[in-house]
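Student: I'd like to ask some things about the structure below.
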Amino acid sequence: MSAQTDPADLPGVTKEHPPPPGASRLPGPRGGQGRKDGAGSGGGSGEGRVLNVFSHGVLVIWGLLVTMPLLWAVVSSFKDDTEIFGSPWGLPSVLHFDNWARAWDKAHMGQYFLNSLIVVGGSLIGTMLLGAMAAYVLARFDFPGNRFLYFLFVGGMGFPVILALVPLFFVMKNMALLDTYHGLILVYIAYSLPFTVFFLSGFFKTLPTSVAEAALIDGASHTRTFFQVMLPMAKPGLISVGIFNFLGQWNQYLLPTVLNVGDPDRKMLTQGLVALAVSQGYKGDWSGLFAGLTIAMLPVLAAYIIFQRQVVAGLTAGALK
Amino acid sequence: MKHGKYRFIAGFLVLPLAIYAIFVISPFVQAIYYSFTDWTGLSPDMKMVGLDNYARLFQDDVFWSAVGNSVTLLLLLPVVTLSLGLFFAFMLNVGGRRRKKAVIGGVRGSGTYKILYFFPQVLSVPIVALLFQFAYNPESGALNAFFDAVGLGNVQPDWLGDPQIALWCVMAAMVWANVGFYVVLFSAGMSSIPKDFYEAALLDGANRFNTFFRITLPLLWDTVQTGWIYMGILALDVSAFAFVQIMSVGPGGPDYSTEVLPLYVYQKTFRDGQAGYATAIGVSLLIVTLIFSAVVMRLGRRERLEF
């Protein structure tokens, strides 16, 4: 059933662009020598068309592989348990909105959502502010130990987080920070700093010095220059790294799994979802679980579709350097 | 002025540095110290046991199956993910039918494909892992139901319950979650390669297969290498932990067939109360990570192509 979209798509594509007459500009490896001069006319030769059908075929199949599981989860969230097991691929007979209400209230998805908002909100602001401050100083000021501190920060990107978790648990315990919002916020900030400092110090280096110098000559302090001149100029970089950090912190699973286990009502969304999967699995409330999954999934997907360009730029900026 | 400058520097660094030192640096240093002790993690007493924990690793079969599985992921996950990413990106940018003037072009709707493919990247690991867990459910999961529907009713694998294929099932979910990112990343790289390179090659009689290996791949090599390291770290650390912990039976099962190093560190600490031994496993994970980065850097070293 899934492959039907593919042939249906292709004739439409071909019709819009009938192969124009004329020889190919693209001779094959053999036997094409005589046609090298067919320039100017775009070709619709056999090779081009076969390739076009092939590439669209492959691309559509992967597109379906990506979207079907997501659609399937959304559809399943409206079914009752019998339908989920009886006809996994069918459509729901009645739309069971009660699944969503049950997941939001009884399974505390609403509470988990709020917890995630609080923690990610706090840590995002902290990460951006502290990361930008450290990156600015490290990128634009010469002082003894500058390189050492820079590599100390950036080195954190390559180490396995899991190794630090065991002692981290006890550091947090001794400071009475386990199972608190502010404790989690501090840890999220700390583990986001390496990439943030790395990316933003690269960015601050590229900004022109003359503007900052002019501000200083006009009598602005270093602090004022930073907040009123340099930070606004770094806005594109801040947005990129902000999106990167938002998604990373919103989807964080490892840190809360270890550090946030005391109070069941304080769970993050990702943690809560896994807890829900475990407990609903025993209780057999599969429809509620699918509703929970959909509640966790849809807002992020919606935000991604709206801010698609910025998200892609933000996430890929680091890898392209 | 000079005095003001240093005060400013100190003022801006003190808070980020303090947070980073307390929550990242000090735990790392402590971890290495704890790996030489018999600490349980539950009580404050511990004594130094020298290299005992490391000696014990050699006798521990579960540790070795975790090493084997982690290294399998480390070697295969980047290859599969990056190859698929390169393949789809090439199809998107070069696979299109020729239009007027352009010798080589992207397929129609390549923007839409890219948006769709990127979906899994913005979802959290638990969402992806749970989706796949449902799909793999042997009794009513989507996969076996699909096999039924197409007349393969007698082929009903246990998926995650079968030690032979469980690791591959987890790996498939990890590939699914990450390919889209590389499609977009490599597409961006490919679209910045000048079109005349392709035109010249095609006029000289190269086919598209050749253009990929002779032009596209060499010019993208830096990006591929970055992606390789990034995928390798995913395969060893956070991502592998989350996927295996949520999806696999046990977790880590059946029969330790999906046990990976980060999960084993977690289990030894928080399930078995052997924090000292767990950190020794963690240190071995760090060593694997460092070897991996060094190998990739060395293999990837080649002349940088400017264009």
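Protein sequence lines, in the order shown, are assigned to chains A and B.
536 is the number of the first residue of the first sequence in this note's numbering; add one for each residue after it.
4 is the number of the first residue of the second sequence in this note's numbering; add one for each residue after it.
No residue lacks a Cβ here, since even glycine has one placed at the ideal position from N, Cα and C.
Predicted model only: the values in this text are computed from it and were never measured.
Which of the residues in the region 238-253 of chain B, read from start to end, lie with their CB under 7 Å from any CB of chain A?
Tutor: L239, D240, V241, F244, A245, I249
Student: Do A176(B) and V227(B) have their C-beta atoms closer together than 8 Å?
Tutor: Cβ atoms of A176(B) and V227(B): not closer than 8 Å.
Student: Spell out whether any CB of chain B is found under 8 Å from the CB atom of P834(A).
Tutor: Using a Cβ-Cβ cut-off of 8 Å, P834(A) does not count as an interface residue toward chain B, since no Cβ of chain B sits closer than that to its own.
Student: Can you tell me which of H591(A), L728(A), V593(A), Q815(A) puts its alpha carbon nearest to the alpha carbon of I28(B)?
Tutor: L728(A)
Student: Taking L60(B) as the query, report the chain C residues whose CB atoms sit under 7 Å from its CB, ordered along the chain.
Tutor: No chain C appears in this structure, whose protein chains are A and B.
Student: Alpha carbons only, please: which of H591(A), W607(A), V654(A), P604(A) is nearest the one belonging to S113(B)?
Tutor: H591(A)
Student: Secondary structure at M51(B), three-state DSSP: helix, strand or coil?
Tutor: strand
Student: With 9 Å as the limit, tell me which residues of the region 159-173 of chain B have their beta carbon closer than that to any beta carbon of chain A; keep them in chain order.
Tutor: Within the region 159-173 of chain B, no residue has a Cβ that lies closer than 9 Å to any Cβ of chain A.
Student: Since T40(B) sits in a beta bridge, which residues does DSSP pair it with?
Tutor: M51(B)
Student: Please classify E142(B): does DSSP put it in a helix, a strand, or coil?
Tutor: coil
Student: With a threshold of 16 other CB atoms inside 10 Å of the CB of L626(A), please say whether the residue is buried or exposed.
Tutor: By the neighbour-count definition (other C-beta atoms within 10 Å, threshold 16), L626(A) is an exposed residue.
Student: How long is the line joining the alpha carbons of L206(B) and D199(B), rounded to whole angstroms?
Tutor: Taking the Cα positions, L206(B) is about 10 Å away from D199(B).
Student: Which of the three DSSP states is assigned to A509(A) in this structure?
Tutor: This structure cannot speak to residue 509(A), because chain A is shown only from 536 to 856.
Student: Using a Cβ cut-off of 8 Å, pull out every chain A residue sitting near Q277(B), in sequence order please.
Tutor: Ordered by position in chain A, no residue passes the 8 Å Cβ test against Q277(B), which lies about 10 Å from the chain.
Student: List the residues of chain B whose Cβ lies closer than 7 Å to the Cβ of M644(A), in chain order.
Tutor: None at all; the shortest Cβ gap to chain B is about 13 Å.
Student: Below 8 Å CB to CB, which residues in the same chain sit around M49(B) once its five sequence neighbours on both sides are set aside?
Tutor: Y37, T40, D41, W42, T43, G279
Student: What does the Cβ neighbour count give for Y723(A), buried or exposed, with the cut at 16 atoms within 10 Å?
Tutor: Of the other Cβ atoms in all chains shown, 16 or more fall within 10 Å of the Cβ of Y723(A); this residue is therefore buried.
Student: Select from Y233(B), G285(B), L223(B), M193(B) the residue whose C-alpha is nearest the C-alpha of V353(B).
Tutor: Because chain B is modelled from 4 through 310, residue 353(B) falls outside the range shown and cannot be assessed.
Student: Give the DSSP-derived three-state secondary structure of A209(B) in the structure shown.
Tutor: A209(B): coil per DSSP, three-state reduction.
Student: If you draw a straight line from the C-alpha of T758(A) to the C-alpha of D225(B), how long is it?
Tutor: 38 Å
Student: What's the gap between the Cα of L808(A) and the Cα of N709(A)?
Tutor: The alpha-carbon atoms of L808(A) and N709(A) are separated by roughly 29 Å.
Student: Quick test of the definition: if touching needs 3 or more C-beta pairs under 8 Å, does the region 701-717 of chain A touch the region 734-751 of chain A?
Tutor: Verdict: no, contact absent.
Student: Could you tell me the distance, in whole angstroms, from the CA atom of L794(A) to the CA atom of G718(A)?
Tutor: Between the C-alpha atoms of L794(A) and G718(A) there is a straight-line separation of about 9 Å.
Student: Determine, using beta carbons only, whether A670(A) and L773(A) come nearer to each other than 8 Å.
Tutor: no
Student: For R801(A) and W179(B), I'd like the C-alpha separation in whole angstroms.
Tutor: 31 Å
Student: When you compare each of L79(B), A69(B), Y23(B), Y259(B) to D165(B) by their alpha carbons, which one comes out closest?
Tutor: Y259(B)
Student: Throw me the rounded Cβ distance for the D779(A) and L850(A) pair, which I believe falls under 8 Å.
Tutor: The sequence as given places Phe at residue 779(A); Asp does not occur at that position. The Cβ separation is near 6 Å, so the contact holds.
Student: When you measure from the CB of Y269(B) to every non-hydrogen atom of the ligand COA, does any distance come out below 7 Å?
Tutor: The ligand COA is absent from the structure shown, which contains no ligands of any kind.
Student: Is the separation between the beta-carbon of F825(A) and that of S611(A) shorter than 8 Å?
Tutor: Cβ distance < 8 Å, so F825(A) and S611(A) count as in contact.
Student: Is the number of C-beta pairs between the region 835-847 of chain A and the region 115-135 of chain B that are closer than 8 Å three or more?
Tutor: Verdict: yes, contact present.
Student: Shorter than 8 Å from the beta carbon of M94(B) to some beta carbon of chain A?
Tutor: yes
Student: Can you pull the chain A neighbours of Y280(B), defined as C-beta to C-beta under 9 Å?
Tutor: Close to Y280(B), with beta-carbon spacing below 9 Å, lies no residue of chain A; the smallest spacing is near 10 Å.
Student: Mapping DSSP to helix, strand and coil, what is W861(A)?
Tutor: Since the first residue shown for chain A is 536 and the last is 856, residue 861(A) is missing from the structure and cannot be characterised.
Student: Measure the alpha-carbon distance for P265(B) versus S68(B) and round it to whole angstroms.
Tutor: 13 Å
Student: Could you give the DSSP three-state label for F678(A): helix, strand or coil?
Tutor: coil
Student: Within a Cβ cutoff of 7 Å, which residues of the same chain sit near S775(A), ignoring the five residues on either side of it in sequence?
Tutor: Result list for S775(A): A848, G849, A852, in chain order.
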